[in-house]
Amino acid sequence: MDGFSASRRKLLGCGLASLAFAGAAPGEEKGGAFEPLPAKIAITPKHLTTPVRINGKGPFRFIVDTGADRSVIADDVAEALHLPLGRPVVVQGIIRAVDAVSVPVRELKFGAAVRDNLEMPVLPRKSLQADGFLGLDAIGDHRIVFDFRNKTLRVVESLPVEFVERSGGGETRIVAPGDGDHLRSAECRVEGVATVAFIDSGAEVSVGNEALRTALMELAPAYAGLRDIELTGVTGGSRTGKVLRVETILLGNLEFSGCEIAAADLDVFKIWDLADKPALLIGFNFLRQFQTVSIDFRRKEYRLKLADDSGWVNRRA
């Protein structure tokens with residue numbers, strides 16, 4: 104089935120900065136305005152965390168990062184738990200790679216998952232802004248549910264193979280195959296350009312790669328960029344990108360309208376083997392527009408449920 108010929112649900116005004124809607128003027132649809140991106144923004148998210156027990160102690164608060172291959176732990180947590188220093192490792196971030204030291208973790212327990220004998224790199228708390236990050240080495244084969252209405256994050260068992268699709272309910276299912284746990288969807292078009300999209304819950308903002316910007320520039324010179332933006336990541340460093348105003352982004356049967364995204368040559372696109380084809384990293388600024396977002400690694404799918412009580416979400420047949 105062609106996901107782009109299906110009925111669409113339209114989300115208006117999805118700016119990259121935190122959305123703060125004032126009362127709509129007469130005749131305006133609420134959500135039509137958006138806040139522009141600042142000149143500099145940290146990609147590191149400030150959002151939901153999940154409780155994690157390390158070697159039976161805790162709980163500690165970890166961010167779930169669906170764009171990271173490895174889980175990491177904050178330096179002060181490793182020190183408080185008296186974890187012995189292990190071998191040197193390289194931690195690849197969204198911007199750059201850094202050298203770090205690892206610590207052995209006998210047991211990592213969170214939600215429905217238990218992981219044994221992990222080697223976890225240690226990074227400064229100042230960079231992580233949390234007790235740690237759970238990467239794909241920990242969350243693979245499970246389902247991650249971000250519940251924005253109740254402000255919770257759950258790690259649960261994958262839906263069974265015989266799961267029966269529900270009709271209605273405002274939930275959209277998007278097939279997301281990929282290499283291992285690197286889930287990605289081809290059900291995305293940015294201004295009509297076929298784009299590979301993937302959800303990176305470790306990113307605060309949504310970013311397109313240079314291949315996407317090049318394809319958009321072939322449509323109109325304006326896509327060269329409105330202005331520069333400096334992006335920083337959890338492993339430090341920065342990358343200069345361009346801010347693009349995009350009128351239409353289709354993801355499955357969802358339509359985002361009037362958006363600003365950043366475009367930059369980030370290392371994450373190379374890691375996911377997406378440097379040479381139009382790709383869009385979907386960050387939390389888009390995800391927060393839903394009531395719930397589910398990422399099921401075993402079934403290789405995304406499920407997004409619209410916020411029914413949101414005044415700035417408009418449905419259309």
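If you're matching positions, the sequence shown starts at 104 in this note's numbering and goes up one per residue. Ideal Cβ placement from N, Cα and C applies to all residues, glycine included.
Cβ shell of residue i (< 6 Å), same chain only, five flanking positions each side left out
i: E313; result: D368
i: G196; result: G336, V337 and T338
Residue j beta carbon less than 7 Å from that of residue i
i: R316; j: F301; result: no
i: E351; j: E294; result: Looking at the sequence shown, residue 351 is not Glu but Thr. Contact flag set, yes.
i: G170; j: V371; result: yes
i: E182; j: S205; result: no
i: D250; j: R173; result: no
i: I198; j: G340; result: yes
i: G214; j: R276; result: no
i: R348; j: L329; result: yes
i: V175; j: P224; result: yes
i: F393; j: K408; result: yes
i: V217; j: S397; result: no
i: A177; j: R228; result: yes
i: N158; j: R209; result: yes
Residue i (DSSP reduced to helix, strand or coil)
i: V371; result: helix
i: R218; result: strand
i: R190; result: coil
i: V180; result: helix
i: K229; result: helix
i: I242; result: helix
i: A410; result: coil
i: A127; result: Its pLDDT being 28, under 50, A127 is placed unreliably in this model, and the value from its coordinates should be taken loosely. In this structure, A127 counts as coil in the three-state DSSP scheme.
i: A327; result: helix
i: G336; result: coil
i: I197; result: coil
i: L96; result: Lying outside 104 to 420, the shown extent of the chain, residue 96 is not represented and no answer is given.
Beta-carbon proximity list for residue i, same chain, < 7 Å, skipping 5 on both sides
i: L262; result: R246, D399 and R402
i: T152; result: R164, F165, I166, A233 and L256
i: E404; result: R276, I277, V278 and A279
i: A318; result: V296 and P381
i: A109; result: Any reading at A109 must be qualified, since the residue scores a pLDDT of 36, below 50, and its modelled position is unreliable; the value itself is stated next. Excluding positions up to five away in sequence, the list reads N356.
i: S270; result: At S270 the pLDDT is 48, less than 50, meaning the model places this residue with poor confidence and gives no usable figure here.
i: D284; result: L239, G243 and F400
Cβ separation of residue i and residue j, assumed to be a contact under 8 Å, to the nearest whole Å
i: L231; j: A203; result: Not confirmed; about 12 Å, so no contact.
i: I242; j: V167; result: 6 Å
i: P207; j: L184; result: About 11 Å; that fails the 8 Å criterion.
i: E274; j: R406; result: 6 Å
i: V346; j: E363; result: 6 Å
i: G344; j: L334; result: 6 Å
Contacts around residue i, its chain only, beta-carbon distance under 8 Å, and the 5 residues preceding and following it disregarded
i: V299; result: R287, S288, A289, C291, L377, K380, P381, A382 and L383
i: P129; result: Below a pLDDT of 50, predicted positions are generally treated as unreliable, and P129, at 29, falls in that range; no measurement from the model is reported.
i: V155; result: G161, P162, F163, R164, F165, L211, K212, F213, D234, G235 and L237
i: V193; result: A200, V201, D202 and A203
i: P191; result: D202, A203, V204 and S205
i: G189; result: V204, S205, V206, P207 and E222
i: D58; result: The structure shown has nothing for residue 58, since the chain only spans 104 to 420.
Cutoff 7 Å: residue i Cβ touching any chain B Cβ
i: R218; result: Checking the listed chains, one finds no chain B in this structure; it contains a single protein chain.
Contact test: residue i Cβ vs the ligand ZN heavy atom, cutoff 6 Å
i: T343; result: The ligand ZN is not among the ligands present in this structure, which contains no ligands whatsoever.
Quiz item: Where in the region 270-325 do unbroken runs of the alpha helix (DSSP H), each at least 4 residues long, occur, reported from the N-terminal end onward?
Solution: Runs of the alpha helix (DSSP H) spanning 4 or more residues and lying entirely within the region 270-325 occur at 313-320, in chain order.
Quiz item: Where are the beta strand (DSSP E) runs, 3 residues long or more, that stay fully inside the region 339-398, in chain order?
Solution: Those beta strand (DSSP E) runs which fall completely within the region 339-398 and span 3+ residues are 341-354, 357-366 and 382-385.
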